[in-house]
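One structure below.
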Amino acid sequence: MFNRKAASIAARPVRGYSWTTAASLAKAAATHKASSPISVDPFTLVGKELKGLTGSIKLNLGSNLKSLDTLSKYYFEAQGKHLRPTIVLLMAQATAGLSPHYNASKDLKNVLVNDPLAPQSILNDNNPSFHNGISHIGQDGILATQRRLAEIVEMIHVASLLHDDVVDDADTRRGAPSAPVKFGNKLTIFAGDFLLGRASIMLARLRSLEVAELIGATIANLVEGEVAQLNETYESKSTNTETIIDEAFERYLSKTYLKTASLISSSSRAAVCLGGVGINENWPEGEYLKDAAYEYGRNLGMAFQLVDDLLDYTSSVDLGKPGEGADMQLGLATAPALFAWREFEEIGPLIKRKFKHPGDVQVAKEIVANSQGMPKTAELAASYIDKAKIALHKLPESEARDGLEALCLKVLDRVK
Numbered sequence: 017m018f019n020r021k022a023a024s025i026a027a028r029p030v031r032g033y034s035w036t037t038a039a040s041l042a043k044a045a046a047t048h049k050a051s052s053p054i055s056v057d058p059f060t061l062v063g064k065e066l067k068g069l070t071g072s073i074k075l076n077l078g079s080n081l082k083s084l085d086t087l088s089k090y091y092f093e094a095q096g097k098h099l100r101p102t103i104v105l106l107m108a109q110a111t112a113g114l115s116p117h118y119n120a121s122k123d124l125k126n127v128l129v130n131d132p133l134a135p136q137s138i139l140n141d142n143n144p145s146f147h148n149g150i151s152h153i154g155q156d157g158i159l160a161t162q163r164r165l166a167e168i169v170e171m172i173h174v175a176s177l178l179h180d181d182v183v184d185d186a187d188t189r190r191g192a193p194s195a196p197v198k199f200g201n202k203l204t205i206f207a208g209d210f211l212l213g214r215a216s217i218m219l220a221r222l223r224s225l226e227v228a229e230l231i232g233a234t235i236a237n238l239v240e241g242e243v244a245q246l247n248e249t250y251e252s253k254s255t256n257t258e259t260i261i262d263e264a265f266e267r268y269l270s271k272t273y274l275k276t277a278s279l280i281s282s283s284s285r286a287a288v289c290l291g292g293v294g295i296n297e298n299w300p301e302g303e304y305l306k307d308a309a310y311e312y313g314r315n316l317g318m319a320f321q322l323v324d325d326l327l328d329y330t331s332s333v334d335l336g337k338p339g340e341g342a343d344m345q346l347g348l349a350t351a352p353a354l355f356a357w358r359e360f361e362e363i364g365p366l367i368k369r370k371f372k373h374p375g376d377v378q379v380a381k382e383i384v385a386n387s388q389g390m391p392k393t394a395e396l397a398a399s400y401i402d403k404a405k406i407a408l409h410k411l412p413e414s415e416a417r418d419g420l421e422a423l424c425l426k427v428l429d430r431v432k
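Under this note's numbering, read the sequence shown as residues 17 to 432, first letter to last.
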């Protein structure tokens with residue numbers, strides 16, 4: 017529960033838990049009693065805002081170059097999960113009115129979020145889709161700037177998908193041919209860059225240096241995570257197997273934060289900043305709210321990726337992931353395989369050579385299936401969800417907070 021006198025908690029990025037720590041968290045989660053189920057539907061709570069999300073994003077992606085115009089909007093044609101913008105919008109609602117500066121923030125910021133800071137003649141940013149209208153006054157505790165933040169976050173996420181699909185040689189995305197398959201690698205990379213460019217323009221027009229710093233750092237994190245994944249060698253100065261596994265798990269969790277949890281955690285914090293809790297508002301107690309939002313997003317993001325990695329062993333294309341060891345086919349050892357390594361040392365050489373030899377993927381899948389790798393991954397995800405809920409309960413009770421808690425349950429339900 018929010019307490020104005022409570023001490024601010026440190027908002028440090030996850031840079032990795034050791035395997036031993038991960039195992040202890042998993043054990044604790046296994047004996048944890050589930051709380052009462054939340055009946056509210058988080059997506060319905062912000063349904064009105066989500067309904068207009070894709071259309072508004074497309075208006076900001078117009079280009080006089082037809083190929084770029086088409087490709088930049090391609091992944092927005094299919095219905096995505098919209099998890100990240102949903103979190104931003106619900107966090108905005110959950111903290112609406114808490115700051116003594118909220119009303120002033122509302123009066124000042126529900127204006128033209130499309131207003132440029134520099135002359136258009138200098139920007140040379142031609143957008144035939146652009147509609148320079150007043151962003152409507154925030155409904156249900158959501159400011160225009162917070163709504164725009166939700167759009168920016170989704171654009172950054174989709175830009176990362178475009179780049180990922182080139183790196184991973186992906187054939188499909190959201191049930192349709194991937195952008196590289198349909199348009200080629202070069203145009204796909206340019207489209208991802210274009211999305212990041214337009215998102216950066218929109219970010220600047222929020223007129224919050226604190227939010228710009230948060231989201232800008234996240235874009236760098238996404239790149240760092242991809243490079244860390246690309247450069248993984250499983251090399252170690254140690255010859256001790258337990259130490260090697262421990263180090264591999266630390267790197268895996270650090271990469272998971274960078275690639276997935278950083279955007280969710282930073283955008284959660286940014287949503288609170290825009291509600292009159294920015295650093296310039298000079299409200300020290302607001303740091304407590306921002307830290308709680310960050311911790312919620314960080315832990316939910318870690319759990320989401322752990323479940324996503326688990327689904328690679330169990331899911332089908334219908335669930336949005338190829339399944340059947342797609343990560344291993346890319347040379348990636350995720351949590352289920354790393355947990356299995358602790359039990360069965362014979363999977364170690366396969367992991368170290370990134371499953372390159374014929375039959376490696378099938379052998380590794382069988383080892384993981386006969387280990388505690390998958391249940392331990394699910395238990396570790398549950399432990400992160402527990403921590404997300406603890407952070408969430410530092411906020412006042414509200415329907416929006418219930419919605420954020422319901423998202424926790426939905427993340428874990430993807431295991432089933």
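Note that the Cβ used here is the ideal one computed from N, Cα and C, for glycine as well.
On a predicted model such as this, the values are computed, not experimentally measured, just so you know.
Go to residue i, then tell me how far its alpha helix (DSSP H) extends in each direction, as first and last residue.
i: Q162; result: 160 to 183
i: W357; result: 351 to 359
i: L238; result: 225 to 246
i: T257; result: 257 to 272
i: D343; result: 342 to 345
i: V197; result: 195 to 199
i: Y304; result: 302 to 327
i: T86; result: 82 to 90
i: D429; result: 415 to 429
i: G292; result: Premise fails: G292 is in no alpha helix (DSSP H) and is neither H nor E.
i: P365; result: 364 to 368
i: L61; result: 58 to 61
Spatial neighbours of residue i within its chain, please: C-beta separation below 6 Å, excluding the five flanking residues on both sides.
i: T111; result: V288, G291, L305
i: L423; result: P58
i: R190; result: A94
i: D334; result: At D334 the pLDDT is 44, less than 50, meaning the model places this residue with poor confidence; the figure from the coordinates comes in the next sentence. Result list for D334: empty, nothing under 6 Å.
i: K381; result: G341
i: G70; result: First, the residue type needs correcting, since residue 70 is Thr and not Gly in the sequence shown. Excluding residues within five positions, the ones whose Cβ falls inside 6 Å are F92.
i: D429; result: none
i: I383; result: A356, F360, I363
i: L274; result: N237, E240, G241
Tell me whether the beta-carbon of residue i lies closer than 8 Å to the beta-carbon of residue j.
i: L396; j: L408; result: no
i: L279; j: I172; result: yes
i: A351; j: T393; result: yes
i: A215; j: I168; result: yes
i: L326; j: F265; result: no
i: A404; j: Y312; result: yes
i: A160; j: V129; result: yes
i: L84; j: A207; result: yes
i: A319; j: Y268; result: no
Could you give the distance in angstroms between the alpha-carbon of residue i and the alpha-carbon of residue j?
i: L230; j: G213; result: 16 Å
i: D57; j: E415; result: 10 Å
i: S40; j: D402; result: Reliability fails at S40, whose pLDDT of 49 lies under 50, so the model's placement of it is uncertain and no value is given.
i: G347; j: H373; result: 11 Å
i: K74; j: K89; result: 6 Å
i: E359; j: D328; result: 20 Å
i: T86; j: L203; result: 11 Å
i: S252; j: G241; result: 20 Å
i: P391; j: P101; result: 30 Å
i: V379; j: G389; result: 14 Å
i: K370; j: G364; result: 10 Å
i: S51; j: I406; result: Below a pLDDT of 50, predicted positions are generally treated as unreliable, and S51, at 48, falls in that range; the measurement from the model is reported next regardless. Cα to Cα, S51 sits roughly 12 Å from I406.
i: G63; j: V427; result: 19 Å
i: P116; j: A166; result: 23 Å
i: K67; j: S284; result: 20 Å
i: Y33; j: A186; result: Reliability of the predicted coordinates at Y33 is poor, the pLDDT of 40 falling under 50, and the value obtained from them is presented with this limitation in mind. Their backbone Cα atoms lie some 30 Å apart in a straight line.
i: N247; j: D156; result: 45 Å
i: K97; j: E170; result: 10 Å
Go through its chain and collect everything with a Cβ distance to residue i's Cβ below 7 Å, but skip five positions before and after it.
i: T47; result: For T47, the predicted model reports a pLDDT of 43, less than 50, meaning its position is unreliable and no value from the coordinates is stated.
i: L106; result: P58, L61, V62, A416, G419, L420
i: I367; result: Y250, A349, A353, W357
i: E226; result: C289, G294, I295
i: F12; result: This structure leaves residue 12 out entirely; the chain is present only between 17 and 432.
i: D376; result: L366
For the candidate residues the options, whose alpha-carbon lies nearest to that of residue i?
i: T234; options: I205, E266, F206, A277; result: A277
i: L219; options: K82, T257, N76; result: N76
i: R164; options: H117, S281, K64, V104; result: V104
i: N386; options: T161, K410, A356, Y400; result: A356
i: N80; options: F210, S55, G68; result: F210
i: L425; options: R267, G317, G113; result: G317
i: V2; options: N119, Q245, L99; result: In the structure as shown, the chain begins at 17 and stops at 432. Residue 2 is therefore absent and cannot be evaluated.
i: S224; options: K97, L133, L322; result: L133
i: A232; options: E297, S282, A186; result: Just to set this straight, residue 232 is Gly in the shown sequence, not Ala. Ranking E297, S282, A186 by Cα distance to G232 puts S282 first.
i: D433; options: P300, I217, V243; result: Residue 433 falls outside the range modelled here, since the chain spans only 17 to 432, and no answer is possible.
Within the same chain, show all residues whose beta-carbon is closer than 8 Å to that of residue i, passing over the 5 residues directly before and after it, in chain order.
i: S254; result: I260, E263
i: A228; result: L219, A220, L222
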